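J.:
2 protein chains.
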Amino acid sequence: MPPSLPKGNAIIGQSGGPTAVINQSLVGAVLALQELKPVRKIIGMRHGVNGLVADQLVDLSRTPAKHLEAVARTPSAALGSSRDKPDPEYCARIVEACRKYDVRSFFYIGGNDSSDTCRIVNEIANTRENYELRCFHIPKTIDNDLVLSDHTPGFPSAARFQAMAFEADSLDNASLPGVKINIVMGRHAGFLTGAAALARGDGRDRDRNGPHLVYLPEVPFDPERFLSDIGRIYARLGRCQVAVSEGIQTPDGRPIVTTLMQHLDRDAHGNVQLSGVGALGDALADHVRRNLKVAGGKSLRVRADTFGYIQRAWPDPSPIDAREARAAAKFAVRMFAKGDTSGSVAITRRKGRAYKAELRAIELSDVAGKTRHMPAEFIAGHNDVSDAFIRWCRPLVGKLPPTARL
Amino acid sequence: MPPSLPKGNAIIGQSGGPTAVINQSLVGAVLALQELKPVRKIIGMRHGVNGLVADQLVDLSRTPAKHLEAVARTPSAALGSSRDKPDPEYCARIVEACRKYDVRSFFYIGGNDSSDTCRIVNEIANTRENYELRCFHIPKTIDNDLVLSDHTPGFPSAARFQAMAFEADSLDNASLPGVKINIVMGRHAGFLTGAAALARGDGRDRDRNGPHLVYLPEVPFDPERFLSDIGRIYARLGRCQVAVSEGIQTPDGRPIVTTLMQHLDRDAHGNVQLSGVGALGDALADHVRRNLKVAGGKSLRVRADTFGYIQRAWPDPSPIDAREARAAAKFAVRMFAKGDTSGSVAITRRKGRAYKAELRAIELSDVAGKTRHMPAEFIAGHNDVSDAFIRWCRPLVGKLPPTARL
Chain A
1 MPPSLPKGNA
11 IIGQSGGPTA
21 VINQSLVGAV
31 LALQELKPVR
41 KIIGMRHGVN
51 GLVADQLVDL
61 SRTPAKHLEA
71 VARTPSAALG
81 SSRDKPDPEY
91 CARIVEACRK
101 YDVRSFFYIG
111 GNDSSDTCRI
121 VNEIANTREN
131 YELRCFHIPK
141 TIDNDLVLSD
151 HTPGFPSAAR
161 FQAMAFEADS
171 LDNASLPGVK
181 INIVMGRHAG
191 FLTGAAALAR
201 GDGRDRDRNG
211 PHLVYLPEVP
221 FDPERFLSDI
231 GRIYARLGRC
241 QVAVSEGIQT
251 PDGRPIVTTL
261 MQHLDRDAHG
271 NVQLSGVGAL
281 GDALADHVRR
291 NLKVAGGKSL
301 RVRADTFGYI
311 QRAWPDPSPI
321 DAREARAAAK
331 FAVRMFAKGD
341 TSGSVAITRR
351 KGRAYKAELR
361 AIELSDVAGK
371 TRHMPAEFIA
381 GHNDVSDAFI
391 RWCRPLVGKL
401 PPTARL
Chain B
1 MPPSLPKGNA
11 IIGQSGGPTA
21 VINQSLVGAV
31 LALQELKPVR
41 KIIGMRHGVN
51 GLVADQLVDL
61 SRTPAKHLEA
71 VARTPSAALG
81 SSRDKPDPEY
91 CARIVEACRK
101 YDVRSFFYIG
111 GNDSSDTCRI
121 VNEIANTREN
131 YELRCFHIPK
141 TIDNDLVLSD
151 HTPGFPSAAR
161 FQAMAFEADS
171 LDNASLPGVK
181 INIVMGRHAG
191 FLTGAAALAR
201 GDGRDRDRNG
211 PHLVYLPEVP
221 FDPERFLSDI
231 GRIYARLGRC
241 QVAVSEGIQT
251 PDGRPIVTTL
261 MQHLDRDAHG
271 NVQLSGVGAL
281 GDALADHVRR
291 NLKVAGGKSL
301 RVRADTFGYI
311 QRAWPDPSPI
321 DAREARAAAK
331 FAVRMFAKGD
341 TSGSVAITRR
351 KGRAYKAELR
361 AIELSDVAGK
371 TRHMPAEFIA
381 GHNDVSDAFI
391 RWCRPLVGKL
401 PPTARL
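Each protein sequence line maps, in turn, to chains A and B. Under my numbering, the first residue of the first sequence is numbered 1, with each subsequent residue one higher. Under my numbering, the first residue of the second sequence is numbered 1, with each subsequent residue one higher.
1. Is there at least one Cβ from chain A nearer than 8 Å to residue 282/B's Cβ?
2. Out of curiosity, what's the CA-to-CA distance linking residue 158/B and residue 95/A?
3. Going straight from the alpha carbon of residue 173/A to that of residue 364/A, what length do you get?
4. Is the distance from the Cβ of residue 161/B to the Cβ of residue 182/B below 8 Å?
5. Fully enclosed by the segment 80-167 of chain B, which alpha helix (DSSP H) runs are 4 residues long or longer?
6. Return the CA-CA distance between residue 20/B and residue 139/B, expressed in angstroms with no decimal places.
7. Give the interface partners of residue 79/A over in chain D, defined as CB-CB distance under 9 Å, in chain order.
8. Does the beta carbon of residue 108/A come closer than 8 Å to any beta carbon on chain B?
9. Along chain A, which residues have their Cβ under 7 Å away from the Cβ of residue 185/B?
10. Under 8 Å, Cβ to Cβ, is there at least one residue of chain A near residue 308/B?
11. Closest by CA to residue 43/B, which one among 52/B, 374/B, 221/B, 203/B?
12. State the Cα-Cα distance for the pair residue 75/B and residue 23/B, rounded to the nearest angstrom.
13. Could you name the residues of the same chain whose beta carbon sits closer than 7 Å to that of residue 318/B, not counting the 5 residues immediately before and after it, in chain order?
14. For residue 383/B, is the classification buried or exposed, using 16 other Cβ atoms within 10 angstroms of its Cβ as the cut-off for buried?
15. Indicate whether residue 401/B and residue 315/A have their beta-carbon atoms separated by less than 8 Å.
16. Excluding five sequence neighbours on each side, which residues of the same chain lie with their C-beta closer than 7 Å to the C-beta of residue 82/A?
17. Which whole-angstrom value is the C-beta distance of residue 368/A and residue 115/A, which I expect to be below 8 Å?
18. Over the uninterrupted beta strand (DSSP E) stretch that includes residue 9/A, give me the two end residues.
19. Entirely within the segment 270-320 of chain B and at least 3 residues each: give me those beta strand (DSSP E) ranges in chain order.
20. Can you name the start and end residues of the alpha helix (DSSP H) that residue 53/A belongs to?
21. Which first and last residues belong to the beta strand (DSSP E) in which residue 232/A is found?
22. How is residue 23/B classed by DSSP in three states: helix, strand or coil?
23. Could you compute how far the alpha carbon of residue 60/B sits from the alpha carbon of residue 198/B?
24. When the Cβ atoms of the segment 282-298 of chain B are set against those of the segment 120-140 of chain B, are three or more pairs found closer than 8 Å?
25. Going by C-alpha distance, which of 332/A, 379/A, 360/A is nearest residue 32/A?
26. Can you tell which of 372/B, 67/B, 286/B has the C-alpha that lies nearest to the C-alpha of residue 142/B?
27. Which residue wins for smallest C-alpha separation from residue 254/B, given the options 284/B, 34/B, 221/B?
28. Could you pull the start and end residues of the alpha helix (DSSP H) that residue 69/B belongs to?
29. Are the Cβ atoms of residue 295/A and residue 361/A separated by less than 8 Å?
30. Taking the alpha-carbon positions, what's the residue 103/B to residue 9/B distance?
31. Is residue 18/B close to chain A, meaning its C-beta is less than 8 Å from at least one C-beta of that chain?
32. Below 7 Å CB to CB, which residues in the same chain sit around residue 350/B once its five sequence neighbours on both sides are set aside?
33. Per DSSP, residue 256/A is paired with what?
34. Ordered along the chain, which non-local residues of its own chain (more than five positions away) have a Cβ less than 7 Å from that of residue 239/B?
35. Rounded to whole angstroms, how far is the Cβ of residue 412/B from the Cβ of residue 27/B, which I believe are closer than 8 Å?
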């Protein structure tokens with residue numbers, strides 16, 4: 001017998017950095033909620049909880065499936081997103097707004113900060129305010145840093161972008177040789193930077209294709225060793241393509257860009273340098289240009305690119321990611337429909353040769369505010385990912401454009 | 001009756017910045033040359049004329065069509081490219097190498113510098129050295145800056161990248177509002193920066209979609225007007241996405257990055273700043289952050305991305321571009337086969353509603369070393385492209401991913 005659900009409205013929002021498939025989750029949840037009788041209205045928050053407390057809302061109860069499907073295929077957050085990290089006081093205002101709009105179920109699509117918002121809102125509503133509110137977190141983050149998940153919706157598409165970008169850029173680098181450094185998103189976890197290694201392919205050229213070096217935030221970065229690594233590759237291949245996480249740091253946890261910029265007068269100029277999005281790449285390129293001596297003393301062609309925002313919402317998602325992002329949201333609505341009062345969703349993977357994902361209900365407190373890092377078995381030495389990482393990552397990104405050399 | 005062609009070998013090379021379809025041109029030429037009886041061997045130069053004078057060559061006479069077709073679909077220059085701009089002395093060495101390898105036809109895929117190399121080599125061989133050599137230029141450049149052409153192979157694919165990148169990034173900017181500046185390649189011509197405007201689509205949201213402002217190298221750039229432009233858009237939409245050519249300059253032709261950096265001590269630090277690939281974007285973002293006052297005095301979220309090398313060889317070419325790059329190369333071989341002794345190829349467009357391109361033989365001296373700029377009718381005011389530009393550009397890029405809003 002189906003449980004009796006609280007009658008009232010459902011609300012849904014999107015939070016944090018956009019992804020290529022976050023609208024698949026939105027649409028998956030809305031379509032599933034449209035079928036639930038006790039749910040009267042389905043309300044969308046504009047720009048996350050920010051829109052809820054500021055009465056910026058949109059009614060999705062009767063948005064036609066055809067329009068929703070077009071939205072699902074559109075990258076980035078269609079409701080708008082938010083960088084707010086609500087504290088308990090802010091969360092109390094969220095609960096107040098839920099009461100005002102007769103909201104009885106709260107769905108929030110986002111990363112570990114968003115799951116923490118869910119957790120706090122859930123606690124305040126049901127214990128302190130004695131207001132029955134069921135809160136569900138729907139996972140999303142290109143950083144892949146949610147605990148208990150094999151991977152998170154959004155990551156496979158961003159990983160696909162990295163693989164395609166490094167593949168094209170490595171061919172570019174082979175064509176006009178030099179040292180090429182590409183800076184990849186992911187301040188605390190190296191999964192996305194590691195995904196660049198998929199660009200090597202699995203053919204006979206894999207040992208010659210870039211990226212030749214991969215620097216992760218999990219491994220302390222040594223600028224001197226960086227030079228000798230590049231020098232060694234350059235001596236062998238006459239070129240070197242490098243994947244660097246934006247989050248690389250010193251052994252004591254300082255961002256590398258600050259240490260490389262030490263020779264600059266930071267009072268007068270530091271602001272310009274350090275606030276710049278290209279700063280880390282430019283500093284590393286400058287470091288190599290000044291300090292790496294190559295045989296024959298010829299001057300080295302060194303360049304850095306910082307991929308920027310397009311890596312998180314490139315309009316060519318991984319097909320698996322699109323499916324899973326939707327499935328995870330539908331799963332959260334199913335948790336609500338079968339009587340769960342709160343929770344989050346984790347994607348796990350069945351052991352075996354063929355890729356097979358499963359969804360699992362977890363507690364909000366299991367995931368809230370925690371950060372997953374690259375496990376040791378995914379890291380190879382101080383400048384690469386392991387074969388185990390490649391085997392883990394490859395099925396997620398879909399088919400990559402094939403390439404051939406002369 | 002077919003003309004009698006000089007018996008001997010043919011040589012082919014790729015030059016300048018890679019594109020997504022430059023290998024279509026290579027393969028188109030090689031397959032066509034494989035069918036010409038008087039051509040004994042088809043020799044590929046490694047890294048352009050650099051490989052020719054350094055004996056870095058590869059025999060393509062019997063490379064199987066199946067392998068060549070796989071190479072054709074691979075972005076970037078499969079033979080390797082070169083930035084060398086040969087002077088007459090260098091060109092004399094090229095002619096000498098042609099004689100050494102019994103080369104009687106010379107095909108060079110590249111931009112206006114490459115057509116100039118063809119022209120000089122042709123002149124030295126046939127007049128000064130009395131060596132019969134037939135020289136053909138096959139057009140290629142993402143900058144679209146060759147005279148007499150409607151557009152150049154490589155441009156449509158790079159324009160497609162811009163349209164997709166700005167579309168995704170504009171959705172990102174709508175989701176997390178702020179000022180977003182994207183720096184686009186093209187130091188002397190604004191075609192590629194203008195292509196960003198295709199991201200607006202042609203639906204009812206076209207006036208709200210980014211890019212909201214477009215700054216071309218053909219229009220002198222005024223940092224003060226830049227601020228008021230952004231302020232006006234921001235007041236209307238609460239966000240602003242801006243396309244900026246890397247080549248924007250002051251009315252007297254100085255690069256903007258140098259004028260924005262004037263407050264810095266250039267002796268001590270200028271080098272780091274100006275050599276950085278992110279420097280222009282970071283300087284513009286910093287300029288906006290410091291100097292633009294918005295209503296309510298709240299602090300503005302400003303960010304700049306520089307798309308970098310991936311914009312020229314992204315592995316998702318425009319289908320029209322792939323076809324035309326191949327056709328232009330086949331056309332050059334046909335010119336040779338029917339007895340022409342030198343020349344280049346221009347793509348022209350038939351007037352009419354439906355897109356239809358034609359190929360035309362032109363003289364090397366018509367195109368060599370000349371630069372085409374955006375014509376006045378493609379430019380709208382000081383910060384946009386015209387509808388005529390959009391109509392011209394749209395058919396080139398292929399189908400873009402559709403998007404929908406809530």
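Positions of the beta carbon are idealized from the N, C-alpha and C atoms, including for glycine. All of these numbers come straight from a predicted model, not from anything done at the bench.
T.: Put simply:
1. Looking up residue 282/B in the second sequence gives position 282. Yes, its Cβ sits closer than 8 Å to a Cβ of chain A.
2. Along the second sequence, one-based indexing puts residue 158/B at 158. Along the first sequence, one-based indexing puts residue 95/A at 95. Looking at the two C-alpha atoms, the distance is approximately 49 Å.
3. Position 173 of the first sequence, counted from the start, is the residue given in the question as residue 173/A. Position 364 of the first sequence, counted from the start, is the residue given in the question as residue 364/A. Going from the Cα of residue 173/A to the Cα of residue 364/A covers about 45 Å.
4. Position 161 of the second sequence, counted from the first residue, corresponds to residue 161/B. Position 182 of the second sequence, counted from the first residue, corresponds to residue 182/B. No, Cβ-Cβ distance for residue 161/B and residue 182/B is not below 8 Å.
5. 88-100, 112-123
6. Mapped onto the second sequence, residue 20/B falls at position 20. Mapped onto the second sequence, residue 139/B falls at position 139. C-alpha separation (whole angstroms): 14 Å.
7. No chain D is part of this structure, whose protein chains are labelled A and B.
8. In the first sequence, residue 108/A corresponds to position 108, counting from 1. No, residue 108/A does not count as interfacial toward chain B.
9. Taking the first residue of the second sequence as position 1, residue 185/B is located at position 185. The premise fails here: residue 185/B is roughly 11 Å from chain A at the closest Cβ pair, so nothing lies under 7 Å.
10. The count along the second sequence starts at 1 and reaches residue 308/B at position 308. Yes - at least one Cβ of chain A is within 8 Å of the one on residue 308/B.
11. The residue labelled residue 43/B in the question sits at position 43 within the second sequence. That would be 52/B, whose Cα lies nearest to the Cα of residue 43/B.
12. To locate residue 75/B, count along the second sequence from 1; it is residue 75. To locate residue 23/B, count along the second sequence from 1; it is residue 23. Their backbone Cα atoms lie some 7 Å apart in a straight line.
13. For the purposes of this step, residue 318/B is taken as the residue at position 318 of the second sequence. Closer than 7 Å at Cβ, skipping near neighbours: 156, 157, 160, 396, 397, 398.
14. The count along the second sequence starts at 1 and reaches residue 383/B at position 383. Residue 383/B comes out buried.
15. Within the second sequence, the letter at position 401 stands for residue 401/B. Within the first sequence, the letter at position 315 stands for residue 315/A. Yes, they are a contact pair.
16. Sequence index remark: in the first sequence, residue 82/A carries index 82 (1-based). Within the same chain, residue 82/A has close Cβ partners 15, 47, 48, 49, 50.
17. Working through the first sequence from its first residue, we reach residue 368/A at position 368. Working through the first sequence from its first residue, we reach residue 115/A at position 115. Right, their Cβ atoms sit about 5 Å apart.
18. Within the first sequence, the letter at position 9 stands for residue 9/A. 8-14 is the span of the beta strand (DSSP E), which, as asked, contains residue 9/A.
19. 302-306
20. Taking the first sequence and counting its residues from 1, one reaches residue 53/A at position 53. That run of the alpha helix (DSSP H) goes 49-53.
21. What you label residue 232/A is simply residue 232 of the first sequence in a count that begins at 1. Element bounds for residue 232/A: not the beta strand (DSSP E) but the alpha helix (DSSP H), 223-237.
22. Start at 1 with the first residue of the second sequence, and residue 23/B comes out as number 23. If DSSP states are grouped into helix, strand and coil, residue 23/B belongs with the helices.
23. As a first step, residue 60/B must be located in the second sequence, where it is residue number 60. As a first step, residue 198/B must be located in the second sequence, where it is residue number 198. Computed Cα separation, rounded: 39 Å.
24. no
25. Along the first sequence, one-based indexing puts residue 32/A at 32. Cα-wise, what sits closest to residue 32/A is 332/A.
26. As a working mapping, residue 142/B is identified with position 142 in the second sequence. Of the listed residues, the one whose Cα sits closest to residue 142/B is 372/B.
27. Mapped onto the second sequence, residue 254/B falls at position 254. Per the Cα distances, 221/B.
28. Counted from its first residue, the second sequence places residue 69/B at position 69. Start and end: 65-72.
29. Along the first sequence, one-based indexing puts residue 295/A at 295. Along the first sequence, one-based indexing puts residue 361/A at 361. The answer is no: Cβ separation not under 8 Å.
30. Residue numbering aside, residue 103/B sits at position 103 when the second sequence is read from its first letter. Residue numbering aside, residue 9/B sits at position 9 when the second sequence is read from its first letter. Those two C-alpha atoms are separated by around 4 Å.
31. As a first step, residue 18/B must be located in the second sequence, where it is residue number 18. Yes - at least one Cβ of chain A is within 8 Å of the one on residue 18/B.
32. Translated into positions along the second sequence, residue 350/B becomes position 350. The residues are 356, 358.
33. The residue you call residue 256/A lines up with position 256 of the first sequence. Paired residues: none, contrary to the question.
34. Position 239 of the second sequence, counted from the first residue, corresponds to residue 239/B. The answer, listed in chain order, is 173, 174, 177, 178.
35. Any answer about residue 412/B is impossible in this case: the structure gives chain B only from 1 up to 406.
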